[in-house]
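Trainee: Handing you a structure now.
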Amino acid sequence: METGKFITVEGIEGVGKSTNIEHLTKAIEARGHTVLTTREPGGTPMAERIRELLLHHGDEPMPDVAELLLMFAARSLHVNNVIVPALASGTWVICDRFVDASRAYQGGGRGLPMEDIDQIASLVLGDLKPDVTILLDASVEVGMSRADKRSAADRIESERAAFFERVRACYLSLAASEPERFVVVDATADIEAVRGDIDSIVAAIDSNKLD
Ligand code: TMP
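Written out as structure tokens, the structure is:
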């Protein structure tokens with residue numbers, strides 16, 4: 014049986030990941046594929062418990078390294094217990110954030126060394142890699158103003174604009190360094206244009222032009 018495709022969706026807060034992931038899921042299903050939509054940190058019962066630890070404003074400080082390791086602990090559960098079995102059974106997996114979020118947030122945002130992150134990534138992921146990563150890109154100003162309109166900010170969303178500028182810059186540089194895996198979509202374009210971009214990406218992946 015053919016293995017499923019692994020698609021990850023990335024971007025700073027407020028770029029419209031949820032809405033666009035819904036559209037992406039429907040577009041893939043419309044082509045006759047089975048799709049599993051999941052998210053990080055989280056995606057398994059235990060990983061969702063780690064998510065709570067990561068995102069809630071706790072009563073003790075969270076060292077950057079602890080944050081990184083918890084992200085990867087959750088990812089290890091998610092990869093082994095959900096993502097790899099799904100792909101092996103032919104299901105396409107769409108993941109709302111994955112390893113590039115650790116590079117962008119813990120590397121770019123927090124300033125942890127990228128070599129250390131890559132070493133942990135190699136330990137946790139082995140040779141698993143997304144086939145395609147969609148980076149929804151918008152300025153920090155636009156992203157933050159959209160995110161502000163939603164519910165109260167969690168621990169990471171409470172960071173200042175300068176943090177998200179570093180995260181965005183890191184995402185864009187990751188995209189530039191791996192153009193064969195990343196597709197950058199202008200998330201500030203109107204919703205129909207963004208959907209059109211997503212439809213073209215799905216068509217390209219389905220015909221094996223993008224992976
Ligand atoms: P979200 O589900 O609203 O995207 O929230 C997840 C938060 O966790 C978001 O602020 C990004 C952050 N995050 C990291 O810092 N590193 C990671 O590896 C992942 C997956 C998420």
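Each residue of the sequence shown is one higher than the last, beginning at 14 in our numbering. Idealized CB from N, CA, C, for every residue including glycine.
1) Is the Cβ-Cβ distance between G17 and L100 less than 8 Å?
2) Which same chain residues end up closer than 8 Å to I3 when comparing Cβ atoms and leaving out the 5 residues on each side of it in sequence?
3) Along the chain, where does the beta strand (DSSP E) containing I107 start, and where does it finish?
4) Relative to the C-alpha of I20, which residue among R173, T104 and Y118 is closest?
5) If distances are taken between C-alpha atoms only, which option among V155, R62, S220 and L82 comes closest to D144?
6) Does the structure place the stretch 176-195 close enough to the stretch 112-121 that three or more beta carbon pairs sit under 8 Å?
7) If you run the structure through DSSP and keep just helix, strand and coil, what is T38?
8) For D203 and M157, I'd like the C-alpha separation in whole angstroms.
9) Starting from I20, trace the beta strand (DSSP E) in both directions and tell me its first and last residue.
10) With a Cβ-Cβ cutoff of 8 Å, do G56 and V95 count as a contact?
11) Is D140 helix, strand or coil when you go by DSSP?
12) Quick one: what's got a C-beta closer than 8 Å to I130's C-beta in the same chain, skipping five residues either side?
13) Under DSSP, the alpha helix (DSSP H) around D219 begins and ends at which residues?
14) Would you identify the three-state DSSP class for D72, choosing helix, strand or coil?
15) Does DSSP put T51 in a helix, a strand or coil?
16) Spell out the partners DSSP gives L148 in its beta bridges.
17) Please state whether DSSP places S164 in a helix, a strand or coil.
18) What residue from E154, A40 and I25 has the CA that sits closest to I218's CA?
19) Check whether the Cβ atoms of L125 and D77 sit closer than 8 Å, and answer yes or no.
20) Which term fits D161, buried or exposed, when burial requires 16 or more other beta carbons within 10 angstroms of its beta carbon?
21) Would you call A206 buried or exposed, if buried means 16 or more other Cβ atoms sit within 10 Å of its Cβ?
Mentor: Let's see:
1) Walking along the sequence shown from the start, residue 17 turns up at place 4. Walking along the sequence shown from the start, residue 100 turns up at place 87. Yes, the Cβ-Cβ distance between G17 and L100 is below 8 Å.
2) Any property of residue 3 remains undetermined from this structure, which presents the chain solely from 14 to 224.
3) Translated into positions along the sequence shown, residue 107 becomes position 94. Per DSSP, the continuous beta strand (DSSP E) segment holding I107 begins and ends at W105 to D109.
4) Taking the sequence shown and counting its residues from 1, the one referred to as residue 20 is at position 7. It is T104 whose Cα lies nearest to the Cα of I20.
5) In the sequence shown, the residue the question calls residue 144 occupies position 131. Checked all of V155, R62, S220 and L82; the closest Cα to D144 is S220.
6) Contact between the stretch 112-121 and the stretch 176-195 is present, because at least three Cβ pairs lie under 8 Å.
7) Taking the first residue of the sequence shown as 1, we reach residue 38 at position 25. Taken through DSSP and simplified to helix, strand or coil, T38 comes out as helix.
8) The residue labelled residue 203 in the question sits at position 190 within the sequence shown. The residue labelled residue 157 in the question sits at position 144 within the sequence shown. Looking at the backbone, the Cα of D203 and that of M157 are separated by about 18 Å.
9) On the sequence shown, residue 20 is found 7 positions in, with the first residue counted as 1. Boundaries of the beta strand (DSSP E) around I20: F19 to E23.
10) As a position in the sequence shown, residue 56 is number 43, starting the count at 1. As a position in the sequence shown, residue 95 is number 82, starting the count at 1. In contact: G56 and V95 (Cβ atoms closer than 8 Å).
11) Counting from 1 along the sequence shown, the entry for residue 140 is found at position 127. For D140, the three-state secondary structure derived from DSSP is coil.
12) Here residue 130 is taken as the residue at index 117 of the sequence shown, counted from 1. Only L81, S115, R116, Q119 and G120 meet the Cβ criterion.
13) Position 206 of the sequence shown, counting from 1, holds the residue named residue 219. Unbroken alpha helix (DSSP H) run through D219: I204 to D219.
14) Sequence index remark: in the sequence shown, residue 72 carries index 59 (1-based). Correct three-state label for D72: coil.
15) Counting from 1 along the sequence shown, the entry for residue 51 is found at position 38. If DSSP states are grouped into helix, strand and coil, T51 belongs with the strands.
16) Your numbering for residue 148 matches position 135 in the sequence shown. Per DSSP, E23 and V197.
17) Stepping through the sequence shown from its first residue, residue 164 is reached at position 151. Correct three-state label for S164: coil.
18) Along the sequence shown, read from residue 1 onward, the residue named residue 218 stands at position 205. Taking the Cα of I218 as reference, the smallest distance to any Cα among E154, A40 and I25 is reached at A40.
19) For the purposes of this step, residue 125 is taken as residue 112 along the sequence shown, with counting starting at 1. For the purposes of this step, residue 77 is taken as residue 64 along the sequence shown, with counting starting at 1. With respect to the 8 Å criterion, L125 and D77 are classified as neighbours on the basis of their beta carbons.
20) Translated into the one-based positions of the sequence shown, residue 161 becomes position 148. That one is exposed.
21) Position 193 of the sequence shown, counting from 1, holds the residue named residue 206. Burial is judged here by how many other beta carbons sit within 10 angstroms of a residue's own beta carbon; A206 has fewer than 16 and is exposed.
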